[in-house]
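In this note's numbering, the protein residues as written are 1 to 56.
This is the structure we're talking about:
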C-alpha cells in the first residue's frame, strides 16, 4: 500500500508540474496570437483603394 501511495504522490506532483508548464505555454500562445492578429489587422498602406484600382 505504501508503494502505491508513493506512486500516487509522484503522479500528483508531476501533474501539478505539467499544469504549471501548460499554463505558461498557453499564456505565451495567447500573447503570440494577439500580436499576430494586431499585425494582420494593420492596413498595409494608407491608399489601398488607389492601389487596388491601379492593379486592376
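Virtual Cβ for every residue (Gly too), placed ideally from N, Cα, C.
Residue 23: first and last residue of the uninterrupted alpha helix (DSSP H) it sits in: Segment 2-41, the alpha helix (DSSP H) holding residue 23.
Inter-residue Cα distance where the pair is residue 41 and residue 49: Their Cα atoms are separated by approximately 16 Å.
Delimiting residues of the alpha helix (DSSP H) encompassing residue 49: Its alpha helix (DSSP H) spans residues 48-55.
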